[in-house]
Amino acid sequence: MSFEDWIFSIHLLFAATLVGGLVMSWIVVVALRSVDRADETLGLNRVAGVGAVCIALGLLGTIAIGLWVAVLRTEFHPWDGWVIGAIVLWVVATAAVLQSFVEYRKSGAKARQLVASHAPGPNTELVALNRTTTGLLLRALASAAVVLIVIDMIYKPGA
Amino acid sequence: MVAAIRASGQDFPLLLHIVGATLVFGALLASASCIALARGQVRLLRIGYFSLLLVALPGWILMRLSGEWVYRKQGWDDLPDSLRDPSWLRIGFGVADWGAVLFVLALVLGGIAVRRLRRGQGTPRLLQATMGLALVIAVGYVVAVWAMTGKPNYVDAAPAAAAVQASTNAVTVTASEFRFQLSRSSVPAGATTFTVVNRGKVAHNFWIDGKSTPQVSPGSRAKITVELGAGRHLYVCTVPGHANAGMKGTLTVQ
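Going down the list, the protein sequences come from chains A and B.
33 is the number that the working numbering gives to position 33 of the first sequence; each next residue is one higher, with no gaps.
254 is the number that the working numbering gives to position 254 of the second sequence; each next residue is one higher, with no gaps.
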């Protein structure tokens with residue numbers, strides 16, 4: 001394997017980490033919608049934490065190594081339309097996913113508060129926070145942007 | 001490079017393949033994390049199992065079927081035996097198929113554990129085994145992603161290139177998307193030197209009679225010398241899909 005091949009391979013490993021993290025986060029988001037107990041919310045938050053680390057690593061790794069690949073490989077350039085499109089989508093995905101973390105952190109905070117007050121049982125306010133529409137839409141926006149990046153990378157319009 | 005520019009018709013199956021693989025990878029991580037971090041919570045343990053059953057299993061089916069589709073689209077069946085299924089491709093199929101065996105085992109063990117959980121019986125060891133299997137398969141997928149993208153041992157470069165003989169035939173091969181143009185359609189038997197010039201936009205190589213140039217970048221050139229006996233000799237570009245798209249032909253040796 002050449003140096004370029006290694007860099008390209010690492011880029012795609014980061015991409016797999018990112019999409020894998022998003023899949024994890026969707027499993028948590030869907031599961032959270034039927035959770036009304038503080039202890040179970042905190043349990044899912046622990047799993048969401050692993051997903052968040054994967055997403056953060058994936059977002060940072062794909063952009064950094066991806067730009068490096070675009071510079072290294074003679075047939076691609078950072079100013080190519082499909083590369084710029086991917087960068088714009090990456091910015092959208094990053095902004096949406098960070099804001100969705102803020103939304104879902106609210107239910108975690110509420111759950112910790114309930115556990116601290118020795119009330120880990122069902123709670124209507126917690127249910128509402130676990131079913132946040134804003135968080136769900138932001139996560140969907142981030143996922144759509146990442147799917148579009150994958151499509152952009154495969155089809156490379158204009159390349 | 002599979003993810004570089006490909007011959008048309010391979011993009012959609014490749015997209016499905018990638019979607020399937022990432023679904024499996026994400027669900028394996030989710031499953032292992034749920035079981036590892038459950039701290040005895042039954043709901044989390046069940047989510048861990050159902051992530052495998054409802055997300056990873058359909059993802060594996062999608063990945064495997066679309067992988068087979070890509071394989072056919074790239075025309076691996078049309079290549080000579082010595083070129084078929086290189087190591088990177090064998091790693092991919094191996095991880096998918098042996099991973100499936102472990103996956104079925106994880107599903108069975110996890111299923112028994114979840115069933116016992118429903119009856120109120122604790123089953124930490126079965127679920128720990130399920131988690132362990134999920135992690136092993138996930139590590140296998142990381143290796144497969146590396147192999148499928150990096151393609152180790154991609155080209156069996158011609159060691160004979162150094163042994164250029166004094167009396168050789170010379171053929172200039174111009175490569176572009178997706179065709180080869182040879183300066184001669186026939187050569188006398190004996191050592192023949194092929195100078196491969198890439199006039200295309202993506203990397204190509206030139207394989208003939210068991211020997212190949214390294215990947216030739218756009219605008220670059222490479223040489224190989226091959227001892228050819230009389231007969232018709234198949235030549236191809238072994239970059240996945242390129243031969244199927246038209247980068248193949250036969251050279252007559254008299």
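Virtual Cβ for every residue (Gly too), placed ideally from N, Cα, C.
CA-CA distance, residue i and residue j?
i	j	result
A:I55	B:Q74	32 Å
B:G249	B:F178	12 Å
B:V197	B:V136	44 Å
A:I113	B:A106	For clarity, residue 113 of chain A is Gln in the given sequence; the question names Ile instead. Between A:Q113 and B:A106, the C-alpha separation is close to 37 Å.
B:V145	A:A48	24 Å
B:T174	B:P188	20 Å
B:F180	B:K211	16 Å
A:H11	A:P120	42 Å
A:I27	A:V127	17 Å
A:H118	A:R139	31 Å
B:D97	B:K223	38 Å
A:W68	A:I7	8 Å
B:L15	A:I154	7 Å
A:G20	B:L29	8 Å
A:V146	A:A93	6 Å
B:V226	B:A100	42 Å
B:R90	A:V102	43 Å
B:D193	B:S183	Residue identity differs from the one stated: residue 193 of chain B is Thr in this sequence, not Asp. Roughly 12 Å separates the two Cα atoms.
B:G111	B:G94	25 Å
Once the 5 residues before and after residue i are set aside, which same chain residues still bring their CB inside 6 Å of it?
i	result
B:A21	M63
A:G61	F14
A:S143	L22
Take the Cβ of residue i as the centre, count every other Cβ of all protein chains shown within 10 Å, and call the residue buried at 16 or more, exposed below.
i	result
B:T213	buried
A:R37	buried
B:R46	buried
A:P122	exposed
B:G229	exposed
B:Q121	exposed
B:R115	exposed
A:F3	exposed
B:W60	buried
B:L65	exposed
B:P124	exposed
A:W79	exposed
B:T238	buried
B:Q254	exposed
From the DSSP output, in three-state form, read off residue i for me.
i	result
A:H77	coil
A:S107	helix
B:K211	strand
B:L37	coil
A:A130	What sits at residue 130 of chain A in the sequence shown is Asn, not Ala. In the structure shown, A:N130 sits in a helix (DSSP, three-state: H, G or I).
B:A203	coil
A:P122	strand
A:K156	coil
B:Q128	helix
B:F178	coil
Among the residues of its own chain, which have a CB less than 7 Å from the CB of residue i, if the five just before and after it don't count?
i	result
A:V35	T41, L44 and N130
A:L136	V29
B:P13	S66, W69, V70 and K73
A:V91	none
B:G219	N198
Please check the pair residue i and residue j, which I expect to be a contact at CB under 8 Å, by giving their CB distance rounded to whole angstroms.
i	j	result
B:H204	B:H233	Incorrect: roughly 18 Å between the Cβ atoms, too far for contact.
A:L72	A:T17	No, A:L72 and A:T17 are not in contact; Cβ-Cβ is about 21 Å, not under 8 Å.
B:L23	B:V55	6 Å
B:W88	B:A147	5 Å
A:R46	B:L37	4 Å
A:S107	B:T149	The pair is not a contact, with the Cβ atoms about 37 Å apart (cut-off 8 Å).
Excluding the five sequence neighbours on either side, which residues of its own chain have a C-beta within less than 8 Å of the C-beta of residue i, listed in chain order?
i	result
A:D152	W82, G85, A86 and L89
B:L117	V42, L45, R46 and T123
Under 6 Å: does the beta carbon of residue i sit that close to some heavy atom of the ligand FAD?
i	result
A:L57	This structure does not include the ligand FAD; it has no bound ligands of any sort.
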